[in-house]
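Novice: In mature numbering (1 follows the signal peptide of the UniProt record, and there is no 0), the protein residues as written are -22 to -1, 1 to 275. The beta carbon of each residue, even a glycine, is placed where N, CA and C say it ideally should be. Provided herewith is a single structure, encoded as structure tokens, for subsequent inquiry.
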């Protein structure tokens, strides 16, 4: 009799018969998905998907993809800065604020211009930073490549739009996907897995010139109060480029609380003799060839 009683009431033998104690498997899966979505962007392992249209800045996008693919191992997941205004700090700390690709700075910084032809759409006198200044990984140690001011402006608008549409907030992690007319390096980066074979010889036409990107990427380091730009790739990796134009060694003499740099060459186009305050770091200081022989990265 007892056996028949228990068989007739199997729910008494199982806690899962109670709807208050058991949840359907589908509901558990839905809850897990909701938790994952709610947590998206808070950690690197669960980034938000962020798309950026490269229309108007295709050449710069190839530079960015080159850094991600060839110098960062195909990394596409980054974190947005968590504090408003930190982008300006990153802009300075990367060395981009010192305009290393502006024509009058190239001899001093030992860099170069991909395209020296004057014009906002042609002259590569602006510094593209990657990681971007809007990234937490930007700033000191960021890679710098020559770009045009026009494409920089187009890129800035596209990044803001991409963050907004992808709902990437300050401090959140995101995974980059570029859309539009992509160049070969961006295509290689976004393959699964990324195709790094192109990094052996990344030659293509950028800004109207055929170049090898391994020869056009730098990073900045401070040495004795001066900014020094080192090659980040290629045969000259870790080295400082030689001057393309000879510059005479300056002499310094005190004048009150300032140092005035004297040059033997004639000042042209109304340029003023640079004045450097004693209490400032000498970001405009110029290194001699002898100095460069003893500089190490």
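Which residues in the same chain as residue 81 place their Cβ atom closer than 8 Å to its Cβ, once the five residues preceding and following it in sequence are excluded?
Specialist: Counting only Cβ-Cβ distances below 8 Å, and skipping sequence neighbours, we find 91, 94, 101 and 103.
Novice: Mark residue 105 as exposed unless 16 or more other C-beta atoms lie within 10 angstroms of its C-beta, in which case mark it buried.
Specialist: Residue 105 is buried by the Cβ-count criterion.
Novice: Under a three-way DSSP split, which group does residue 21 fall into?
Specialist: Correct three-state label for residue 21: coil.
Novice: Can you tell which of 18, 180 and 219 has the C-alpha that lies nearest to the C-alpha of residue 206?
Specialist: The shortest C-alpha separation from residue 206 is found at 219.
Novice: Look at the alpha carbon of residue 185 and the alpha carbon of residue 132, and state the distance between them as a whole number of angstroms.
Specialist: Near 14 Å, if we compare the C-alpha coordinates of residue 132 and residue 185.
Novice: Taking its Cβ as the centre, do 16 or more other Cβ atoms sit within 10 Å of residue 78, making it buried, or is it exposed?
Specialist: When all chains shown are included, residue 78 counts as buried.
Novice: If you draw a straight line from the alpha carbon of residue 150 to that of residue 29, how long is it in whole angstroms?
Specialist: Near 15 Å, if we compare the C-alpha coordinates of residue 29 and residue 150.
Novice: At which residue ranges does the region 23 to 60 contain complete beta strand (DSSP E) runs of 3 or more residues, listed in the order of the chain?
Specialist: Those beta strand (DSSP E) runs which fall completely within the region 23 to 60 and span 3+ residues are 26 to 31 and 55 to 57.
Novice: Keeping to the same chain, check which residues put their C-beta closer than 6 Å to that of residue 43; ignore five residues upstream and five downstream.
Specialist: Closer than 6 Å at Cβ, skipping near neighbours: 163, 164 and 167.
Novice: Please identify the residue among 51, 117 and 202 whose C-alpha is closest to the C-alpha of residue 173.
Specialist: Comparing Cα positions, the closest option is 51.
Novice: Once the 5 residues before and after residue 145 are set aside, which same chain residues still bring their CB inside 8 Å of it?
Specialist: The residues are 26.
Novice: In this structure, how does DSSP classify residue 210 when only helix, strand and coil are distinguished?
Specialist: Correct three-state label for residue 210: coil.
Novice: Quick one: is residue 121 buried, meaning 16 or more other Cβ sit within 10 Å of its Cβ, or exposed?
Specialist: By the neighbour-count rule (16 or more Cβ atoms within 10 Å), residue 121 is buried.
Novice: In whole angstroms, give me the CA-to-CA distance for residue 96 and residue 18.
Specialist: Near 45 Å, if we compare the C-alpha coordinates of residue 18 and residue 96.
Novice: Hey, residue 31 and residue 136: beta-carbon distance below 8 Å or not?
Specialist: For residue 31 and residue 136, yes; Cβs fall inside 8 Å.
Novice: Give the DSSP-derived three-state secondary structure of residue 108 in the structure shown.
Specialist: If DSSP states are grouped into helix, strand and coil, residue 108 belongs with the strands.
Novice: Residue 181 to residue 21, Cα distance in whole Å?
Specialist: C-alpha separation (whole angstroms): 35 Å.
Novice: Check whether the Cβ atoms of residue 291 and residue 108 sit closer than 8 Å, and answer yes or no.
Specialist: This structure leaves residue 291 out entirely; the chain is present only between -22 and 275.
Novice: Have a look at residue 65 and residue 147 and give me their C-alpha separation to the nearest angstrom.
Specialist: When rounded, the distance between both Cα atoms is 14 Å.
Novice: Kindly list the residues whose CB is nearer than 6 Å to the CB of residue 48, restricted to its own chain and excluding five residues on each side of it in sequence; keep chain order.
Specialist: Correct list, in chain order: 177.
Novice: Can the beta-carbon of residue 86 be found less than 8 Å from the beta-carbon of residue 126?
Specialist: It is not a contact, given that the beta carbons lie outside the stated cut-off.
Novice: With a Cβ-Cβ cutoff of 8 Å, do residue 161 and residue 53 count as a contact?
Specialist: Cβ atoms of residue 161 and residue 53: not closer than 8 Å.
Novice: May I have the straight-line CA-CA distance separating residue 130 from residue 35, to the nearest angstrom?
Specialist: About 7 Å.
Novice: How would you label residue 72, buried or exposed, when you count the other beta carbons within 10 angstroms and need 16 or more for buried?
Specialist: That one is buried.
Novice: Work out the CA separation of residue 110 and residue 119 for me, nearest whole Å.
Specialist: In a straight line, the C-alpha of residue 119 is about 11 Å away from that of residue 110.
Novice: On the DSSP letters alone, give me the boundaries of the alpha helix (DSSP H) that residue 85 sits inside.
Specialist: Element bounds for residue 85: 84 to 87.
Novice: Using the C-alpha atoms, what's the distance from residue 16 back to residue 208?
Specialist: Roughly 42 Å between the two C-alpha positions.
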